[in-house]
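Data block below; observations after.
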Amino acid sequence: MTCNILSFEIKGLYGVRDFLIELSGNKVILVGENGSGKTTVSRIIYATLSCNWDMLRSYPFEKVVINFSDESVEITSGILNDIFATPDIDRIEYLVDRRWRRKSLNDFISTVLEVKKQYEISSKSDKTIYNKQIKASIPYEYISDVINSSNINTLYQITQKIQSKFQSKILYLPTYRRIEDQLKTIFPDVDSDVWEKARKRINSEKVVELVEFGMDDVERLVTREQDSLKSFSQTQQNKLTLGYLSEIVSKSYDKSSSYTKIRELSDDEILEVLSRIDSTILPDEIKEKVVGILNSVRTEHKHSYSAQVKIVCHYFMQLMAFNQDITAAEQHIRNFQEKCNNYLISNQIIYNSQDFTCQLLNRVDDQFDAENSIRFQNLSSGEKQIVSLFSHLYLDKDRSLFVFIDEPELSLSVDWQRTFLPDIVNSPNCIGLIATTHSPFIFDNELENIVHGINEFCTRG
178 MTCNILSFEI KGLYGVRDFL IELSGNKVIL VGENGSGKTT VSRIIYATLS CNWDMLRSYP
238 FEKVVINFSD ESVEITSGIL NDIFATPDID RIEYLVDRRW RRKSLNDFIS TVLEVKKQYE
298 ISSKSDKTIY NKQIKASIPY EYISDVINSS NINTLYQITQ KIQSKFQSKI LYLPTYRRIE
358 DQLKTIFPDV DSDVWEKARK RINSEKVVEL VEFGMDDVER LVTREQDSLK SFSQTQQNKL
418 TLGYLSEIVS KSYDKSSSYT KIRELSDDEI LEVLSRIDST ILPDEIKEKV VGILNSVRTE
478 HKHSYSAQVK IVCHYFMQLM AFNQDITAAE QHIRNFQEKC NNYLISNQII YNSQDFTCQL
538 LNRVDDQFDA ENSIRFQNLS SGEKQIVSLF SHLYLDKDRS LFVFIDEPEL SLSVDWQRTF
598 LPDIVNSPNC IGLIATTHSP FIFDNELENI VHGINEFCTR G
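For our numbering, add 177 to where a residue sits in the sequence shown, where the first one is 1.
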């Protein structure tokens with residue numbers, strides 16, 4: 178459960194500016210020209226909520242305060258400077274980067290904090306940290322300097338408090354990665370390690386940084402949803418099958434009032450139910466006979482029917498209930514399909530309810546043919562952004578998501594800008610949004626009530 182966040186306070190930004198950012202229902206859209214400070218404010222809030230202390234310390238501020246509905250949590254630059262100003266910190270960062278496969282210095286501090294929670298600091302536990310927890314070729318004295326910092330316990334307590342209050346996963350869409358993509362196009366021969374070194378990508382249980390919009394996550398989430406639906410369908414079918422014998426013996430079909438319900442069904446509803454049953458289980462000729470029996474009940478209002486008709490009507494209504502359960506279970510993937518397709522032009526995501534598969538099809542002569550299936554990786558960068566984001570918002574079930582997005586207009590057409598943020602806010606997983614923009618089209622919609630100029634929140638400077 179995530180507490181309601183009322184506001185964020187940033188004191189002494191660049192030594193001269195104070196901000197009080199007020200949220201409404203965990204949401205705010207910050208508007209301002211380039212250089213107004215909106216992106217800096219957003220990143221400071223993101224770094225604080227995600228407990229990315231290495232990132233937060235890179236900004237010149239005095240204090241950040243998160244005002245939850247029931248408690249406030251404060252972090253000062255002095256605490257971070259004390260810990261990260263350890264002698265030879267650059268050497269530690271170099272070794273962490275090299276030995277930990279470019280994990281950030283923040284990961285190193287986080288590991289120390291986790292170990293701190295489990296062990297009383299002593300020479301024995303220090304050795305445990307060095308040999309078993311860190312598992313990196315970092316000299317003992319460097320680790321000891323960090324552990325023995327006077328503020329490490331304070332930082333640990335702040336981290337624990339934030340994580341206990343804020344338990345949502347963060348989706349972070351920064352601007353700088355799009356600029357980096359353009360630079361890669363201009364300088365294609367630059368070694369990938371240089372780009373890796375230039376930024377630390379976060380991707381964990383708590384935070385997903387959607388910076389490259391790689392489609393691996395999308396394909397994983399879609400596949401997981403397909404498998405889940407197939408498994409659910411099979412389980413429901415097994416329950417129906419196992420119940421047949423007892424119902425025949427007890428003649429429960431004889432007490433059924435299914436005729437009235439059958440008469441209310443449309444042709445499409447009947448065909449939809451039968452289409453879900455594989456022809457290897459129920460051959461097409463049998464399906465035709467079932468349709469004939471149902472149609473006779475719909476057109477001939479008799480007072481009594483044969484045992485065969487009663488059985489068919491009774492079990493068809495059970496199949497109808499089964500179909501309704503499946504349709505409800507499909508809602509996530511159908512919503513994902515619908516929202517994505519609103520932003521796709523020459524491609525469409527097609528969901529097949531008969532075999533629970535999802536395909537990305539290319540338009541050829543205004544037709545979408547299964548033979549023209551393509552991979553998500555072939556989408557444009559803007560389309561990848563949409564599909565990647567919506568896959569988390571609609572398919573990453575049982576997770577509340579807090580979305581940070583910086584200047585979405587940079588990769589969205591004007592028409593997309595008007596609907597993009599409402600589609601995010603109205604998704605089932607989104608419990609919070611902090612967005613920055615200088616485009617009037619981004620908030621030309623029902624979100625006007627959470628739009629504020631960044632200067633409205635500036636209380637000093």
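Yeah, the Cβ is synthetic: ideal placement off N, Cα and C, and Gly gets one too.
Source: prediction; values computed, not measured.
Can you give me the Cβ contacts of residue i inside the same chain, cut-off strictly under 6 Å, excluding the 5 residues immediately before and after it?
| i | result |
| --- | --- |
| F618 | V591, Q594, R595 |
| E186 | L197, V242 |
| P351 | D583 |
| M392 | F553, Q554 |
| P237 | Y191 |
| R275 | Here R275 scores only 44 on pLDDT, less than 50, and its place in the model is too uncertain to base an answer on. |
| E199 | S184 |
When you compare the CB positions of residue i and residue j, do they come within less than 8 Å of one another, or not?
| i | j | result |
| --- | --- | --- |
| V602 | K215 | no |
| L537 | I526 | yes |
| S568 | D444 | no |
| S235 | N181 | no |
| Y430 | I488 | yes |
| V193 | G630 | no |
| V208 | T636 | no |
| E239 | G189 | yes |
| V628 | F620 | yes |
| N244 | S184 | yes |
| S616 | E586 | yes |
| A506 | F409 | yes |
Taking 7 Å as the limit between beta carbons, can you name the residues of its chain near residue i, skipping five residues before and five after?
| i | result |
| --- | --- |
| K383 | S227, K346, I347 |
| S435 | C490, H491, M494 |
| K304 | Residue confidence is low: K304 scores 49 on pLDDT, short of 50, so the model does not pin down where it sits. No coordinate-derived value is stated. |
| K464 | L451 |
| G233 | Position check: residue 233 holds Leu in this sequence, whereas Gly was assumed. Once the five neighbours on either side are set aside, the close Cβ partners of L233 are I221, A224, T225, L257. |
| C607 | L570, L578, V580, I601 |
| R576 | K346, N606 |
| Q337 | none |
Among the options, which one has its Cα closest to the Cα of residue i?
| i | options | result |
| --- | --- | --- |
| V468 | L448, F185, K487, S456 | L448 |
| I221 | T418, F261, V241, D445 | V241 |
| Q564 | L233, G192, V399, L190 | The sequence as given places Val at residue 564; Gln does not occur at that position. V564 has its Cα closest to that of V399, out of L233, G192, V399, L190. |
| Y520 | I198, K416, W230, G559 | G559 |
| N632 | I206, S408, G202, G192 | I206 |
| Y482 | L572, Y421, I339, T437 | T437 |
| D573 | P605, Q562, N626 | P605 |
| E477 | S429, I439, L587 | I439 |
| H509 | S616, T217, Y571 | Y571 |
| E623 | I608, N549, F597 | F597 |
| V250 | E586, F238, I339 | I339 |
| I252 | P585, I425, N328 | N328 |
| A484 | E424, G209, A547, H615 | E424 |
| E396 | T217, K428, F513 | F513 |
| S219 | I611, D455, E210 | I611 |
| L496 | L422, L589, S427, L417 | L417 |
| L442 | E625, E210, L419, N472 | N472 |
| Y349 | N229, V486, N626 | N229 |
| E248 | K561, F343, K466, E548 | F343 |
Below 8 Å CB to CB, which residues in the same chain sit around residue i once its five sequence neighbours on both sides are set aside?
| i | result |
| --- | --- |
| F545 | Q525, I527, L538, N539 |
| D600 | K516, N519, F567 |
| V474 | Y436, I439, R440, Y482, V486, C490 |
| N626 | S201 |
| T217 | L190, Y236 |
How far does the beta strand (DSSP E) with residue i in it extend, from its first residue to its last?
| i | result |
| --- | --- |
| N244 | 240-245 |
| S249 | 249-253 |
| K346 | 346-350 |
| G630 | 628-630 |
| L598 | That residue, L598, is in no beta strand (DSSP E); its alpha helix (DSSP H) goes 591-602. |
Where do the N-terminal and C-terminal ends of the alpha helix (DSSP H) with residue i fall, by residue?
| i | result |
| --- | --- |
| D393 | 393-427 |
| Y492 | 484-506 |
| S227 | Here S227 belongs to no alpha helix (DSSP H), and DSSP marks it neither H nor E. |
| F567 | 558-572 |
| F185 | First-last for F185: 182-190, but that is the beta strand (DSSP E), not the alpha helix (DSSP H). |
| Q334 | 329-342 |
| V474 | 461-476 |
| S452 | 444-452 |
message: For the pair the stretch 527-534 and the stretch 403-410, tell me if three or more CB-CB distances fall below 8 Å.
response: yes
message: Counting beta carbon pairs with one atom in the stretch 546-556 and one in the stretch 581-590, are three or more of them shorter than 8 Å?
response: no
task: Could you say if the stretch 329-343 and the stretch 249-264 meet the contact criterion of at least three C-beta pairs nearer than 8 Å?
output: yes
query: Any contact of the stretch 405-421 with the stretch 500-508, i.e. 3+ C-beta pairs under 8 Å?
result: yes
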